[in-house]
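To start, the structure itself, in C-alpha cells.
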Amino acid sequence: MISNEKIQEMMSALGELKAAKEQEIEELRVKWLGKKGEITQLFEEFRGVSPEQKKEFGQKLNALKNAAQAKIEEMKAALNDIADAGKASFDLTKPGDRMDLGARHPISITREEIISIFKKFGYSVAEGPEIEDDWHVFGALNFPPEHPARDMQDTFFVHPQGDNPILLRTHTSSVQVRTMESSNLPIRVICPGRVFRNEAISARAHCIFHQVEGLYIDKNVSFADLKQAILLFAREMFGPDTQIRMRPSYFPFTEPSAEVDVSCNICHGKGCNICKGTGWLEILGCGMVDPNVLRASGIDPEIYSGFAFGMGIERIAMLKWQVKDLRHYFENDIRFLKEFETVI
Ligand code: PHE
Numbered sequence: 000m001i002s003n004e005k006i007q008e009m010m011s012a013l014g015e016l017k018a019a020k021e022q023e024i025e026e027l028r029v030k031w032l033g034k035k036g037e038i039t040q041l042f043e044e045f046r047g048v049s050p051e052q053k054k055e056f057g058q059k060l061n062a063l064k065n066a067a068q069a070k071i072e073e074m075k076a077a078l079n080d081i082a083d084a085g086k087a088s089f090d091l092t093k094p095g096d097r098m099d100l101g102a103r104h105p106i107s108i109t110r111e112e113i114i115s116i117f118k119k120f121g122y123s124v125a126e127g128p129e130i131e132d133d134w135h136v137f138g139a140l141n142f143p144p145e146h147p148a149r150d151m152q153d154t155f156f157v158h159p160q161g162d163n164p165i166l167l168r169t170h171t172s173s174v175q176v177r178t179m180e181s182s183n184l185p186i187r188v189i190c191p192g193r194v195f196r197n198e199a200i201s202a203r204a205h206c207i208f209h210q211v212e213g214l215y216i217d218k219n220v221s222f223a224d225l226k227q228a229i230l231l232f233a234r235e236m237f238g239p240d241t242q243i244r245m246r247p248s249y250f251p252f253t254e255p256s257a258e259v260d261v262s263c264n265i266c267h268g269k270g271c272n273i274c275k276g277t278g279w280l281e282i283l284g285c286g287m288v289d290p291n292v293l294r295a296s297g298i299d300p301e302i303y304s305g306f307a308f309g310m311g312i313e314r315i316a317m318l319k320w321q322v323k324d325l326r327h328y329f330e331n332d333i334r335f336l337k338e339f340e341t342v343i
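Read in order, the letters of the sequence shown correspond to residues 0 to 343 in numbering that gives the first Met the number 0.
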C-alpha cells in the first residue's frame with residue numbers, strides 16, 4: 000500500500016543500488032519504472048488516495064520517480080566511463096610484449112675472429128682514414144700514374160684535381176703505408192676497415208665492403224714465412240684439416256704475388272656448387288712487399304723484406320656460413336641477422 004514509509008523506504012533503497020552490467024541496469028529500470036514496475040505501481044495506487052493526501056504523496060512520488068531515473072542515468076554513465084577507461088589504458092593482466100635482444104652482425108663476428116687469430120700470432124691492429132689521398136692508396140704502393148685502378152670506374156674521388164687527389168680508399172693497404180711511414184721496424188700489423196670501389200652491386204660485389212690486410216716486415220722475411228702464416232690462419236679460421244694452395248698472381252705492391260685458395264670446407268674436395276666443383280675456394284691475395292714500396296716509405300730493401308696479404312671480410316664470412324648473396328650483409332633483414340644470434 001502506498002504510504003509515506005513505503006516511499007521513504009524505496010528512496011533509501013535507490014541510494015544503495017549498484018549495477019555493473021548494462022543488462023543489470025536495464026533489469027533495475029524495468030523493476031522500478033517498467034509498466035509493472037514498483038514506482039509505476041505506486042502511481043496506480045496514487046489514483047485512489049484521498050484528495051487531502053494527494054498533494055503530499057504527489058510530490059513525494061514525483062521526487063522518487065525523478066530520483067530513480069537519475070540513478071539509472073548515473074549508473075549508465077559510470078558504465079561508459081569504465082568502458083572508455085578500458086580502451087585508453089593498458090590491460091595490466093596481459094603478459095608484456097617480448098623484446099628481442101640484439102645480436103652482433105656477421106661481419107663484426109668475422110672481423111673479430113680474423114683479428115683474434117692474428118693477435119695470437121703477435122700482430123697488432125692499426126686503423127686509418129677512409130677518406131685518403133692518392134699517395135697512400137696508390138702512389139706509395141707502386142701503382143704507376145696511368146694504372147686503371149685509379150680510373151673513375153673503380154675509385155670514388157672526393158677531390159679529383161691536383162697532384163695528390165682525395166678519394167675513398169679502395170683497400171686498407173693505405174693503412175699499411177701509414178704504418179711503414181710512422182713505425183719502427185720490425186712491423187707486424189693487421190689493418191681492418193671499410194673500403195669503397197665504384198662497382199655495380201650484385202650477389203658477388205658491392206661498392207662498400209670490409210677488409211683485413213696484414214703486413215710483416217723484418218730482416219730475412221721469406222715467402223716460406225708468408226706461406227706458413229697463411230696456412231696457420233686458414234686452419235684456425237676454417238678448421239684443422241684445411242689445405243691451402245697458392246696460385247701466381249699480380250699486384251703492383253707485391254712481387255712475387257699469389258692468390259690463396261683453401262680446400263672447400265663443405266665438400267672437402269669432392270666438388271660442390273659453393274666451390275663450383277673445383278674443391279677450392281679463393282680467400283685472399285698476398286705476396287712479398289715490392290722493394291719499391293719499402294723504398295717509398297723510407298725502408299731499405301737491401302736490409303729488410305716483408306710480406307703482405309689482404310682479404311675481404313664479406314667473402315670470408317660467405318664461405319664460412321655459406322651465404323650466397325653478399326647483399327644480405329647490408330640489408331639488415333632481421334630474419335638473416337637472427338641466424339647469427341648464437342654465434343659468438
Ligand atoms: N690490396 C689488395 C686488394 O685490395 C689485397 C692485397 C693485399 C694483395 C696485400 C696482396 C698483398 O685487393
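Note that beta-carbon positions come from the ideal geometry of N, C-alpha and C, so glycine has one too. Predicted model, so just to flag it, every value in this text is computed and none were measured.
Helix, strand or coil at residue i [DSSP, three-state]
i      : result
LEU214 : strand
ASP132 : strand
SER123 : strand
GLY192 : strand
PHE237 : helix
TYR303 : coil
HIS265 : The residue you asked about is not His; residue 265 is Ile in the sequence shown. Coil at ILE265, not helix or strand.
PHE372 : Examination of residue 372 is not possible in this model, given that the chain is present from 0 through 343 alone.
ASP150 : coil
ILE186 : strand
VAL322 : coil
SER115 : helix
ASN108 : The residue asked about is misnamed: residue 108 is Ile in this sequence, not Asn. Three-state result, ILE108: helix.
LEU280 : strand
GLU145 : coil
LEU166 : strand
ARG103 : coil
GLU254 : strand
PHE56  : helix
ASP90  : coil
ILE243 : strand
Residue i at chain B interface by Cβ criterion, 8 Å
i      : result
HIS170 : Of the protein chains in the structure, only one exists, and it is not chain B.
Residue i Cβ short of 7 Å to the ligand NAP heavy atom set
i      : result
CYS206 : You won't find the ligand NAP in this model; what it holds is the ligand PHE.
Burial state of residue i, where buried means 16 or more other Cβ atoms lie within 10 Å
i      : result
ILE81  : exposed
TRP279 : buried
GLY121 : exposed
ILE302 : exposed
MET0   : exposed
ARG110 : buried
TRP31  : buried
HIS327 : buried
LEU166 : buried
LYS98  : According to the sequence shown, residue 98 is Met rather than Lys. By the 10 Å Cβ count, MET98 comes out exposed.
ASP240 : exposed
ARG244 : exposed
GLY149 : The sequence shown places Arg at residue 149, rather than the Gly named in the question. ARG149 should be labelled buried.
GLY175 : In the sequence on display, residue 175 carries Gln and not Gly. Counting Cβ neighbours within 10 Å, GLN175 comes out buried, since at least 16 surround it.
ILE186 : buried
LYS59  : buried
ILE130 : exposed
ARG46  : exposed
ARG91  : Note on residue identity: the sequence assigns Leu, not Arg, to residue 91. Exposed: under 16 other Cβ atoms inside 10 Å.
ARG177 : buried
PRO147 : exposed
GLY192 : buried
ARG334 : exposed
ALA223 : exposed
LEU225 : buried
ILE113 : buried
ALA233 : buried
Beta-carbon proximity check, residue i vs residue j, cutoff 8 Å
i      : j      : result
VAL188 : ALA125 : yes
ASP220 : PHE252 : The sequence given here has Val at residue 220, not Asp. Not closer than 8 Å, so no.
ALA316 : CYS285 : no
PHE237 : VAL261 : yes
ILE229 : LEU184 : no
GLU37  : MET10  : no
GLU197 : ASP132 : Reading off the sequence, residue 197 comes out as Asn, not Glu. No.
ALA204 : LEU325 : yes
ILE312 : ILE106 : yes
PHE339 : GLU212 : no
LEU13  : ALA67  : yes
PHE156 : PRO164 : yes
ALA102 : LEU283 : no
ILE116 : GLU235 : yes
PHE42  : VAL48  : no
ALA202 : LYS323 : yes
Segment contact, 8 Å Cβ cut-off, at least three pairs: the stretch 194 to 210 with the stretch 240 to 254: no
Answer yes if the stretch 20 to 28 comes into contact with the stretch 61 to 79, meaning at least three C-beta pairs across the two stretches below 8 Å, and no otherwise. yes
Could you tell me whether the stretch 272 to 288 touches the stretch 166 to 174, using the rule of 3 or more Cβ pairs below 8 Å? no
Given 8 Å, three or more beta-carbon pairs between the stretch 304 to 316 and the stretch 261 to 277: no
Tell me whether the stretch 283 to 302 and the stretch 135 to 151 touch, counting them as touching only if at least three CB pairs, one residue from each stretch, are closer than 8 Å. yes
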